[in-house]
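Numbers 0 to 158, taken from numbering that gives the first Met the number 0, label the letters of the sequence shown in order.
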Amino acid sequence: MNVKSRHHLRSDDIKSLEETLAEALGVDLDGDTYEFVELTGTEFDLVLVDGSPAVLYLGDEPFLTVEGANEYPPEKHVVTVDAGAVSFVSGGADVMRPGIVDADEDIEAGDLVAIVEETHGKVLAVGRALENGAELVGDAGKVVESVHYVGDDLYQFTV
C-alpha cells in the first residue's frame with residue numbers, strides 16, 4: 000500500500016463529508032485540516048483529519064477508520080460483540096451471529112458498520128453487514144464481513 004497522491008480537500012468537499020458522516024453515523028468530525036490520500040495496492044483511499052487517518056473511502060463510500068471511529072465514536076451503524084469475539088474480530092475474522100450482543104436496527108444489508116466490543120466500547124473493526132440490523136443477533140451464521148480491522152495494513156498506515 001503506497002501513496003499515489005495527496006491533496007487538501009476543498010471546503011465544499013469537507014462540508015459534504017462532514018454532513019454525510021453526521022447523517023449516517025451521528026458523528027461530528029471536528030478537524031482543522033482535511034487531506035485526501037489516494038492509495039495504490041488497496042481498495043481504500045483515506046482522509047487525514049488533522050494528520051490522522053480518520054476516514055476511509057471504499058469506492059465512493061466514506062466511513063470512519065478504526066482509528067477514526069475510536070476518535071469520533073459513531074452513534075449509528077454500530078454492531079456490538081461480546082468478549083469472546085474480540086480476539087477473532089481484532090484479527091480480521093468475519094463476525095458470526097452468536098458473538099453479537101447488540102446491533103443498530105437501522106442497519107441495512109450492505110451497509111458499512113463499526114464493530115465495537117461491549118466492555119470498553121472500543122471499535123475493533125469496520126465491516127459490511129450481510130443482514131439487516133434486526134437480524135444480526137441470533138444463534139448461527141456469518142452476518143458481518145470484515146473490511147478493516149485493528150492491526151491490518153490500513154490500521155498501521157502512516158504518512
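Virtual Cβ for every residue (Gly too), placed ideally from N, Cα, C.
Query raised in the report: Considering only residues of the same chain and omitting the five flanking positions on each side of leucine 8, which have a CB-CB separation below 6 Å?
Result: Within the sequence shown, the letter at position 9 stands for residue 8. So the list reads Tyr33, Phe35, once near-sequence residues are dropped.
**Asked** Where in the region 64 to 118 do unbroken runs of the beta strand (DSSP E), each at least 3 residues long, occur, reported from the N-terminal end onward?
**Response** 77 to 80, 99 to 102, 111 to 116
Practice item. Give me the Cα-Cα distance between glycine 109 and valine 158, rounded to the nearest whole angstrom. Key: Along the sequence shown, read from residue 1 onward, the residue named residue 109 stands at position 110. Along the sequence shown, read from residue 1 onward, the residue named residue 158 stands at position 159. One C-alpha to the other measures close to 30 Å.
Query raised in the report: In the DSSP assignment, what residue or residues form a beta bridge with alanine 124?
Result: If you number the sequence shown from 1, residue 124 lands on position 125. According to DSSP, which records beta bridges pairwise, alanine 124 is partnered with Ile114, Tyr148.
Contact check, valine 136 vs valine 85, beta carbons under 9 Å:
Translated into the one-based positions of the sequence shown, residue 136 becomes position 137. Translated into the one-based positions of the sequence shown, residue 85 becomes position 86. No, these two residues do not count as a Cβ contact at 9 Å.
message = Does serine 15 pass the burial test, meaning 16 or more other C-beta atoms within 10 Å, or should it be called exposed?
response = As a first step, residue 15 is located in the sequence shown; it is residue number 16 there, counting from the start. Serine 15 is exposed by the Cβ-count criterion.
Out of Thr79, Asp152, Asp138, which has the shortest C-alpha to C-alpha gap to glycine 90?
Here residue 90 is taken as the residue at index 91 of the sequence shown, counted from 1. Of the candidates Thr79, Asp152, Asp138, the one whose C-alpha sits nearest the C-alpha of glycine 90 is Asp152.
Next item on the list: Express the C-alpha separation of valine 143 and valine 26 in angstroms, rounding to a whole number.
Entry: To locate residue 26, count along the sequence shown from 1; it is residue 27. To locate residue 143, count along the sequence shown from 1; it is residue 144. Looking at the two C-alpha atoms, the distance is approximately 22 Å.
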